[in-house]
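> Chains as they are written, first to last, in my numbering: chain A, 169 to 270; chain B, -11 to 892. The C-beta atom is built at its ideal place from N, Cα and C for all residues, glycine as well.
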Amino acid sequence: MNLFIMYMAGNTISIFPAMMVCMMGWRPLQALMSLSATLKALESSSRRALQGLVFLVGNGLGLALALYKCQAMGLLPTRPSDWLAFVTPPQRMEFTGGGLIL
Amino acid sequence: MLIHGQDAITVSNAGRILRSWETNIGGLNWETSLDTGSFQGAALVGLPEGVKYVAVLKKTALSLHYLSNGHQKWVEHLPESENTQYQLLYSRGTGVIHVLGIVPQSHLNVVTFNVEDGEITRQVRVAAPWLVALQGSCGVLGEAVLVCVDTAARSLHVCALDTEQDMRHIPLQSLELEFADDFQARILTTQPSVTSASRTQFFLQLSPSHFSLLQYKQGLLSHLRDFQQAALVSFATTGEKTVAAVLTCRSELKPGSSDGLHAGSTLEDARRQDSLTCSNQTYNINLYLVETGQRLLDTTITFSLEQGGAKPQQLYIQVFLKKDDSVGYRALVQTEDHMLMFLQQPGKVVWSREESLAEVVSLEMVDLPLTGAQAELEGEFGKKAAIQDGLLGMFLKRLSSQLILLQAWTAHLWKMFYDARKPRSQIKNEINIDNLARDEFNLQKMMVMVTASGKLFGIESSSGTILWKQYLRNVRPGSSFKLMVQRTTAHFPHPPQCTLLVKDKETKMSFLYVFNPIFGKRSQVAPPVLKRPILQTLLLPIMDQDYAKVLLLIDDEYKVTPFPATKNVLRQLEEIAHSIYFYLVDAEQGKLSGFRLKKDLSTEESWEVAIPTEVQRIVTVKGKRSNEHVHSQGRVMGDRSVLYKSLNPNLLAVVTESTDTHHERTFIGIFLLDGVTGRIIHSSVQRKAKGPVHMVHSENWVVYQYWNTKARRNELTVLELYEGTEQYNATAFSSLDRPILPQVLQQSYIFPSAISAMEATITERGITSRHLLIGLPSGAILSLPKALLDPRRPEIPTEQSREENLIPYSPDVQIHAERFINYNQTISRMRGIYTAPSGLESTCLVVAYGLDIFQTRVYPSKQFDVLKDDYDYVLISSVLFGLVFATMITKRLAQVKLLNRAWR
């Protein structure tokens, strides 16, 4: 379902898609942060290691999907133009001066 | 220019057009074109009933025109005009015009024309082997009597133009008049009206300070009065009385210049004989009746000029008859530094105008000094403070500076309160030189202007008041000036320092004048004496211990003089000498040469580019401004890659014009050269194009404007240089290590008008978009966004170009009146525009100079860093506080409710 929502949201940056992506990114993060609580709830079952792993992987996938959506929107600084603001002007090695003879 | 009643007659365009103007409103009465010929003189001609004609004397012909409509009455050829220089015209309402011509060292030709039909009624040749020129040595007196002075023989020669054929010799020894050595004596005569005879009295100037009033009546020469210590004389007539005004110096006139500002001794000697100066610069003007030489009582005007300033050069008198039939007058004095003063009895200055501001040559804007409190703050954070004081010292300093600030703030509040109680008209917001201080955003600056007459002005930019003036003596017309700011006001307590290099055109000698730009006084620092002519200068960013930038002067032996020349500077120069390069452009020989500085401060030539002068001549060479800061190193493309700009700080843009000006064969050439290696980065030739070419070279682009002779329109071309999608060396730029030439993108546009001046806006960090300020001949300044002059503008817009916000290409650049920055104030004859950054990033200060001077602030990207005027402080702060209180109250209430519930 998340995939479908992402597909519908589109690649422009406006309030609705931004909200969707944020939500999609935040939910897995929140779930990952409450990992210990989830593991405690799983104590009773037998295959708790595998279930824990599945939990991790699922949330990771959700996060990855959110990041991919960000990349498609152009929000991730992967291209040189994103680092252009930090490029320092090169130091000047020679000095010139003069002009038309006064 | 001749004046008759309400009309003024002018001859302009080198003697090609004769015009009559209405002096009341400045309207043109009539205009007529004259025959070709070099213009010699013009005079009004009248008959006893009135002035009806104007005669124009050319090298070979004399023409008479009606005064009412300018139609030509007759034109006559002048006899023997190949070897005779006809220079003087005279008429006195008798129906004839006398024309005097001179063959130097030989004889005079007097030709008399009849006014009605131009017939030559009389033509005589008067022998005068001693006469060299007519102007100044001769004058016409009384009933057409010519009197000339022979300096060598110490005598006068007189000849009646109507009747006689020979000059009568009158020796002057009998009158005991002493001629000065080395001075060409001069004669001044006056003719009150063109329809009657001249006065028989005249002035004979024997030396620069000695005038003598003489009279020649009925064949007899008599001496009326002697004037010693007189600097200038002038005649004026009102009604029946003719008076002579004599300007005398109150104290003794001495040869040689007083202790004012003067150049090195070589220039002084040359002018010694002409420079008679009044030591205390106080002058008297007195009126004398010319009939008798008697001084008129109660007619003295006493005035004084600035000490060390210029002396009076011309005197004009306006006389009128008062009710009790005595003579009253007002005087207009013109001084050497092109200042006009209008004086009234008994010495009040009615107005004075600085006319040298119409010839501004060079301009710099200097920050105003910090106030004491601000300077304290600055000092507190300096490096020296941290080392010296330590922790406790800095804390105490902080406390003391806060106390000072508190004091200043309360004083300011008190002043505001006090001023609010007074009516507005009494509050004077005068700006004077003592309370000058930098304002909040550094928007007010001091403009230092250098004018062609050698006078320096310090003008405050917010109100245009002239705060200081300084006149440099011994600056001859045609000198070249270069003004440099060596130290700004940012380094308290060192005073700011500006250096002016003045180079005389004829003798090629130069001198440096170092001064404080805020107060206009000469600086304590002694500049080096320049023995050889200086070719160019270079201001380095390295500083001396007192924060003065180092100025290097290269002379014609290609040796370099540094200023200041302290040990610290010489040591620093030795270290970086290998990376300092000079480029010198000789436009007459068509040569550009580059010189490299060596450790012993001599230079060696490292490159030379020859542009042969038979085909084209170099017009302009422009580098980039040193204080320009480029914010982004590249342009962002539609696919989010970067096109890096080729920012070569050593790039020179050279414009040449062809010597052949025929409209089919004329061209202009553009060369982009590297100043360090001499490598030609780009060269292009624009065919069928003519100058004058105006160019702006900034960042990575060059914009230039020319006249297209084929399409008969003005065009703008922009050149931009790019490195490509990768930077060759991101850390350091060295011209010696640039194997790849940059890509050049070019586009041209049609500009609907001619251009007087062009300049780009500049800001401190370069974040604001650049606008080109274009001065139009109509007097308006157009602010054109640089985005319109972008060579990447596509003809067919694509998805990518839309991403980059590129405006689709259209060849027309339109002049919208909303883009004018000077609304309805026109600036006549604009010669240059100067831009300076201010303390705010969004604001650029602009000064346009020409005949008028105009200063304004420009906001190319609107004022993005300033809160709007209608920013509602009250509403926002009240809402903020309200919400904070509401939050606190609600939190408390919620706590109380929770507690109650827990206790249920």
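Does DSSP classify E787(B) as helix, strand or coil?
Helix.
> Please name the residue in L527(B), Q93(B), L631(B), A641(B) whose C-alpha comes closest to that of G611(B).
Checking every option, the nearest Cα to that of G611(B) belongs to A641(B).
> Whether or not the region 221 to 239 of chain A and the region 189 to 197 of chain A are in contact is what I'm after, with contact meaning three or more pairs of Cβ atoms, one per stretch, closer than 8 Å; do they touch?
Yes: at least three Cβ pairs fall under 8 Å.
> Checking the sheet assignment: what are the DSSP bridge partners for K229(B)?
Note: K229(B) sits in a beta bridge opposite T226(B).
> Near G3(B), what residues of its chain come up, given a Cβ to Cβ distance below 7 Å and the 5 sequence neighbours on each side ignored?
The residues are L22, G25, S26, F27, K46.
> Within the 8 Å Cβ cut-off, does L210(A) reach chain B?
Not closer than 8 Å to any Cβ of chain B, the Cβ of L210(A) fails to qualify, so no.
> According to a CB-to-CB cut-off of less than 7 Å, which residues of the region 697 to 726 of chain B neighbour chain A?
From the region 697 to 726 of chain B, only N717, A718, T719, A720, F721, S722, S723 have a Cβ closer than 7 Å to chain A.
> Bridge partners of E342(B), per DSSP?
According to DSSP, which records beta bridges pairwise, E342(B) is partnered with M327(B).
> So is L268(A) in contact with chain B if we call contact Cβ pairs under 8 Å?
It does; some Cβ of chain B falls within 8 Å.
> Would you please verify whether the beta carbon of M261(A) is less than 8 Å from any beta carbon of chain B?
It does; some Cβ of chain B falls within 8 Å.
> If you draw a straight line from the C-alpha of M435(B) to the C-alpha of P521(B), how long is it?
About 28 Å.
> In chain B, which residues lie with their C-beta within 8 Å of the C-beta of G226(A)?
What G226(A) touches in chain B: nothing, since even the nearest Cβ is about 32 Å away.
> Starting from W194(A) and walking both ways along the alpha helix (DSSP H), at which residues does that stretch end?
Residues 183 to 201.
> Spell out whether any CB of chain B is found under 8 Å from the CB atom of S249(A).
Yes, contact with chain B.
> Please look up how many angstroms separate the CB atoms of S449(B) and Q843(B), rounded, as I've assumed it's under 8 Å.
Confirmed, about 5 Å.
> Return the chain-ordered list of same chain residues with a C-beta closer than 7 Å to the C-beta of G248(B), the five sequence neighbours on each side being excluded.
Here G248(B) scores only 42 on pLDDT, less than 50, and its place in the model is too uncertain to base an answer on.
> Taking 7 Å as the cut-off, is the C-beta of F171(B) nearer than that to any heavy atom in the ligand MG?
Judged by which ligands are present, the structure shown has none, so any question about the ligand MG falls away.
> In this structure, does DSSP put Q261(B) in helix, strand or coil?
Unreliable positioning characterises Q261(B) in this predicted model, as indicated by a pLDDT of 40, which lies under 50. The coordinate reading is nonetheless provided below. The answer is coil: DSSP assigns Q261(B) none of H, G, I, E or B.
> Out of curiosity, what's the CA-to-CA distance linking R215(A) and I877(B)?
Distance between the alpha carbons of R215(A) and I877(B): 52 Å.
> Name the DSSP beta bridge partners of E593(B), please?
In the DSSP output, where bridge partners are listed per residue, E593(B) has F583(B).
> What's the call for Q269(B), buried or exposed, on a 16-neighbour Cβ count within 10 Å?
Buried, by the Cβ-count rule.
> Contact criterion: CB-CB distance below 8 Å. Does G820(B) meet it with respect to chain D?
Among the protein chains in the structure shown, which are A and B, there is no chain D.
> Taking only beta-carbon positions, decide if G265(A) is within less than 8 Å of chain B.
It does; some Cβ of chain B falls within 8 Å.
> Within this structure, are the beta carbons of T654(B) and I606(B) separated by less than 8 Å?
Cβ distance not < 8 Å, so T654(B) and I606(B) don't count as in contact.
> Output the distance between the C-alpha atoms of R156(B) and Q322(B), rounded to the nearest integer angstrom.
Roughly 37 Å separates the two Cα atoms.
> Throw me the rounded Cβ distance for the E703(B) and Q693(B) pair, which I believe falls under 8 Å.
Indeed, because the Cβ distance is near 7 Å, the residues count as touching under 8 Å.
> Checking 8 Å against the spacing of the C-beta atoms, do Y317(B) and A224(B) come in under that value?
In this structure, A224(B) lies closer than 8 Å to Y317(B) by Cβ.
> Could you check what DSSP says for T254(B) in three-state terms: helix, strand or coil?
Because T254(B) sits at a pLDDT of 40, beneath the cut-off of 50, its placement in the model cannot be relied upon, and the point is left open.
> Going by the DSSP bridge assignment, what does S195(B) pair with across the sheet?
H198(B).
> Got a sec: is the Cβ-Cβ distance from V922(B) to anything in chain A below 8 Å?
The requested residue 922(B) is not part of the displayed model; chain B covers only -11 to 892.
> Quick test of the definition: if touching needs 3 or more C-beta pairs under 8 Å, does the region 3 to 14 of chain B touch the region 243 to 256 of chain A?
These segments do not touch.
> Under 8 Å, Cβ to Cβ, is there at least one residue of chain A near L255(B)?
Summary for L255(B): the model assigns pLDDT 41, below 50, so the residue's position carries little reliability, and this model does not support an answer.
> Which of the three DSSP states is assigned to H479(B) in this structure?
It is coil, neither helix nor strand.
> May I ask you to report which of helix, strand or coil DSSP gives K410(B)?
Coil, per DSSP.
> Label R187(B) either buried or exposed according to how many other C-beta atoms from any shown protein chain fall within 10 Å of its C-beta, with 16 as the threshold for buried.
Looking at its Cβ environment, which holds 16 or more other Cβ atoms inside 10 Å, R187(B) is buried.
> Which partner residues of K678(B) appear in the DSSP bridge assignment?
Beta-bridge pairing links K678(B) to W695(B).
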